[in-house]
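First comes the structure, then the notes that go with it.
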Amino acid sequence: ECRLGGSAKRSYSITSCASVFQVNVRDALNQAMDEELERDERVFLLGEEVAQYDGAYKVSRGLWKKYGDKRIIDTPITEMGFAGIAVGAAFAGLRPICEFMTWNFSMQAIDQVINSAAKTYYMSAGFQTVPIVFRGPNGSSAGVAAQHSQCFAAWYGHCPGLKVVSPWNSEDARGLLKAAIRDDNPVVFLENEMMYGVPFELSEEMMHKDFVIPIGKAKVERQGTHITLVSHSRCVGFCLDAAAVLAKEGVECEVVNLRTIRPLDVDTIEASVMKTGNLVTVEGGWPQYGVGAEICARIMEGPAFNYLDAPAVRVTGVDIPMPYAKILEDHSVPQIKDIIFSVKKVLNM
Amino acid sequence: MGSGRLPKTIVCEHRTSLHPQMHVKTIPCKEKNIYEQDPDILPPSGAHLRWTEGGQVVSEAASVVVSSRSYADFTPEATFDIKKVDLHRLEEGPPLTSTLTREDGLKYYRTMQTIRRMELKADQLYKQKIIRGFCHLYDGQEACAVGIEGGITLSDHLITAYRAHGYTLTRGGTVREIMAELTGRREGIAKGKGGSMHMYTKNFYGGNGIVGAQVPLGAGVALACKYLGTDQLCVSLYGDGAANQGQIFETYNMASLWKLPIIFICENNQYGMGTSVERASASTEYYKRGDFIPGLRVDGMDVLCVREATKFAADHCRSGKGPILMELQTYRYHGHSMSDPGVSYRTREEIQEVRSKSDPISMLKDRMLSNNMASVEELKEIDIEVRKEIEDAAQFATTDPEPPLDDLCSHIYANEKSFEVRGATPWTKLTSHS
C-alpha cells in the first residue's frame, strides 16, 4: 500500500507488475489540486479549514505548507460571503477553487453559485467569464443525519450555465478536477466523503500532469448486453458489484458511469440502451425531479425509446430526510440488492 | 441696472432641509479674469448687473449675448468650501475645500446632465412600453456616480446593484449601447441578453439584481487586485435597503481580516423601495455599520464632496490599510422603479424641496457660473448637445432590431465548441455558441 501526501512524491505499489499506482480518491484530488496550483498562478483555494487544518477531510493536506497564505486561504464560517468573494475573484481574472465543507452548506451560498456565477456569462452576452470551481463532499455519509446528507446533483444539474461533475473513482477525481480547474466556466464538483479513502489503480498515463478527462463524457465501465445501468458517484461501485453478482446468473449488465451530470452525455446512454434494450438508473439522491428522472425522460424523447423492451426504472435514495440510526440509514440508500432486484424485475426474471 | 455696489466676494449658498448644517461659506474669488462686455451689445432690460473687483460690469442674466469672448476669459479653477464629513474611527477626514478646474467642471456637468437626461428618456420610453420589465432610475443621484469616478481611475474596479445606468456610463459605456440594452436590441451593451440590471463593461461588474450579492463580489474583485500585486482597488456599492444584508457583514469581516483594497459605499437615498430608513434599520448611521471599518458620511448631492471623499478613501486603500466605508447621503427623484410612483411613502413636497435646494446639477452649475468658470451659453450648449445625444440614442434604441433568434442559446459556456440545447419541445433542437 502506498501513501501519497500533499506533495508530488509517489511510490510504486508493491503488488503491481506494470507501472500502476495505488491512489485513493482523497490523494487523487489532492494531487490534482497541487499540480494545478503549480501550473497556473491564478489558481487558489479558499474555504473553511482548508489551510492550517489541512482540510476538514484532509483533501487539501500539505497544500498550505507548500503554497502559503496567499494561495490557500482559510475563511470564517460565512459561506455566502466567501462564495461571493470567490466569484468576484473569478470575475477579475483569478481561478478560484471554492470549497464547501459539505454541499449541504452550499445552500447558504446558493444564490452566489446560481445568480452570480452560473448566469453571468449569458447575461453579459459573453463579456464576463467566471472560471471558478466549487467543490466538496456531496450526498450521504455515515451517521451524519438529515441536515448533512443531501445530494445536490439534481439541484445544480437543473441550472444552465453551470457544469456539474460527479466523479466516482480516483481516475475520475483526478482527471475531472483538473479539467474543472482548467475550464473557463463555473463547475460544481460533487465529491463523496465515503469514497475519499477508497484506493484505485492509476496508470502512468493517468498520473501525467496534463491528464484530464473531458467534462460532459460518460464512461462505460463494464460492457454488457442485457441491460444498461446508469449511475454516478459512489453508486457506480454498487452497480459494478451488482453486475458481478448478476453475471453469475447469466445476466450481463452494461454499467455507465455518468461522470458529468451537466451537460449530460445522452449519446452514450442512448447508444447503450439501443444495444441492451433495458435501462435502470441508480443514484443516491431523492427520486422526485432527480437525475434518474431526467435520464428516463430523455430516453423516452429520443431514438432509444423504440429499443426498450420494458419501461426504464430508477433506483434512488428513499424519499425521506436521512435518519440517524444505522439500521434506518442503511435502508434509506440504494443497496446492491435493490439494484439486483430492479434488474430482475425489468428483465422479468 | 444693478446697484453699482462693488462686491469683493461671490457668495455661493446652498441649504437643504435634509442637511441643515450645510452652508458653503462665502469665499473670495481668486481670479480677476472676467469678461468684458462688448459696448455695442446691451443686455436686455431687466438683466441683473453687478460690478466686480476690476470695475467691470458682469451680467448674471442668462440671456446676454456677447459677441466675442475667448476661453481665456474664464476662471481656470476655483476652490470651494465643501461640507465637513462625519468620521467614524478616523482621526482625519477629507479636506474641507475642493479645487475644481474649469475642465473638470464642464466634464462633470456634462456627465451628470447626460445621466439625468438619459434616465428621463428611459422614463418616457418605459411609459411608451418600449422598455419593459425592471427599470430603476438614477436621477437625483448623479453626483454620486460622477464624484466617485472623479476620485478613482478607469483601471480601478467598480460594482453596484440594479440602479446602475449612471455607473454604466461613467465606467465607459455609451448612451447608445445603454439605451439599446434597455430596449432589448442587438446593439445593446449586453446584446439584449441582460437588460437594465445586467450591463457590464471593462472593470465594471454590473448591474446586479440580487440585493446585497454584489458586495462580496466586489470584495472578490478587490482580493484579485491585491493577489495580482496591482495598486488597483474596487468600489463596491449598495443602498440603504441592502445595508442590513448579512452577507455585507460577512464581507466587512473578511475584507478587514485580509486587508482587501475595497471601498464600501452605501448610497443612502433614504428609502429602500417603499420603506424609509427609520423603518428598516435599527441604526441609520450607515457609515458606522462597518464597526471596525473606518467610515465617512458624505453629502452625496455635492459632486465635489463625493470626489474628495473618494480620493481620501482611495488613498486609504492604496496605502494598504484595508477597507473603508463611505455613506453618501443622496436622493432619488423617481420611485424605486418605474412601477413605483414614489409618492405613497413620501410627499411630493419633500421631493420638490430636494429638487429645488439640493439638486446636484444645479449646485455645480451655480458654482461654475458664480465663479465665472463657464458661461450660461456654454452650459446651455452642453445641454443642447446632451439632449441631441440622448435623442439620437433613443432613436437608435427604438429602431435597432432585436437580437437574432440564433443568439437565444449562445453564451451559456465560454470557450466551448457549439453544442445542442433543448428547446421548448423535444423536437426543437437549438444550438449554443460560445
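Here the protein sequences line up with chains L and S, keeping their order.
full-length UniProt numbering puts the first sequence at residues 1 to 349.
full-length UniProt numbering puts the second sequence at residues 1 to 434.
Beta carbons are placed, not taken as given, at the ideal position from N, Cα and C, and that holds for glycine.
Predicted model only: the values in this text are computed from it and were never measured.
In this structure, L:Asn257 is the residue among L:Asp54, L:Arg262, L:Asn257 with its C-alpha nearest to the C-alpha of Gln223 (chain L). Here Leu237 (chain S) is buried. Its C-beta has 16 or more other C-beta atoms within 10 Å. Cβ-Cβ distances below 8 Å link Gly143 (chain L) to Tyr324, Lys326, Glu329 in the same chain, with the five nearest sequence neighbours on each side left out; the list follows chain order. Remark: three or more beta-carbon pairs, one from each stretch, lie closer than 8 Å, so the stretch 108-126 of chain L and the stretch 174-194 of chain L are flagged as touching. Secondary-structure assignment with DSSP links Lys163 (chain L) through a beta bridge to L:Val187.
Residues of chain L whose Cβ lies closer than 7 Å to the Cβ of Tyr200 (chain S) are, in chain order, Ser124, Phe127, Gln128.
Pro216 (chain S) and Leu46 (chain L) have their C-alpha atoms spaced approximately 14 Å apart. By the rule that beta-carbons nearer than 8 Å mark a contact, Asp40 (chain L) does not touch chain S. The bridge partners DSSP lists for Leu176 (chain L) come to none. Listed along the chain, the chain L residues whose CB falls inside 7 Å of the CB of Lys191 (chain S) are Ala125.
Pairing Tyr109 (chain S) with Leu328 (chain S) gives a Cβ-Cβ distance that is not under 8 Å.
Annotated as distal: His336 (chain S) and Met254 (chain S), with beta-carbon spacing of 8 Å or more. About 14 Å separates the Cβ atoms of Phe200 (chain L) and Ser233 (chain L), ruling out a contact at the 8 Å cut-off. For Cys225 (chain S), at least one C-beta of chain L is nearer than 8 Å to its own C-beta. Interface criterion met: the Cβ of Thr75 (chain L) is under 8 Å from a Cβ in chain S.
At a cut-off of 8 Å between beta carbons, Val187 (chain L) makes no contact with chain S. Where Tyr121 (chain L) is concerned, the enclosing alpha helix (DSSP H) starts and stops at 120-123. A check of alpha carbon separations from Trp286 (chain L) across L:Val333, L:Thr120, L:Arg259 identifies L:Val333 as the nearest. Among the residues of the stretch 252-271 of chain L, those with a Cβ less than 9 Å away from any Cβ of chain S are Pro263, in the order of the chain. The contact set of Thr251 (chain S) on chain L, defined by CB atoms closer than 8 Å, consists of Gly81, Gly84, Ile85 in chain order. Beta-carbon to beta-carbon, Ala242 (chain S) and Gly93 (chain L) are separated by about 26 Å, too far to satisfy the 8 Å threshold. Distance from the CA atom of Arg259 (chain L) to the CA atom of Thr174 (chain S), rounded to whole angstroms, is 45 Å. Distance from the Cα of Arg332 (chain S) is smallest, within the candidate group S:Tyr126, S:Leu106, S:Gly166, S:Arg132, for S:Gly166. If the five residues before and after Glu204 (chain L) are omitted, its C-beta is found closer than 7 Å to the C-beta atoms of Ser19, all from its own chain and listed in chain order. Look at Arg348 (chain S) here: in three-state DSSP terms it is helix. DSSP places Thr428 (chain S) outside any beta strand (DSSP E), giving it a letter other than H or E. Phe91 (chain L) belongs to the set of residues whose beta carbon lies under 8 Å from a beta carbon in chain S. In the DSSP assignment, Leu100 (chain S) falls within the unbroken beta strand (DSSP E) covering 97-101.
Taking a contact to require three or more Cβ pairs closer than 8 Å, the stretch 152-160 of chain S and the stretch 367-381 of chain S do not qualify as touching. For Thr129 (chain L), the secondary structure class from DSSP, reduced to helix, strand or coil, is coil. The residues Ala154, Glu283, Thr316, in chain order, have a CB closer than 7 Å to that of Gly290 (chain L) in the same chain once the five nearest residues on each side in sequence are set aside.
At a cut-off of 4 residues, the continuous stretches assigned as alpha helix (DSSP H) that sit fully inside the stretch 325-392 of chain S are 348-358, 360-370.
When C-beta distances to chain S are compared with 7 Å, the residues of the stretch 103-115 of chain L below that value are Asp111, Gln112, Asn115, in chain order. Take Ala28 (chain L), set aside five residues on each side of it, and the residues of its chain with a beta-carbon closer than 6 Å to its own are Ser170, Ala173, Arg174, in chain order. Burial is judged here by how many other beta carbons sit within 10 angstroms of a residue's own beta carbon; Tyr53 (chain L) has fewer than 16 and is exposed. Taking C-beta atoms under 8 Å as the contact rule, Val212 (chain L) and Ala179 (chain L) qualify, at a distance of about 4 Å.
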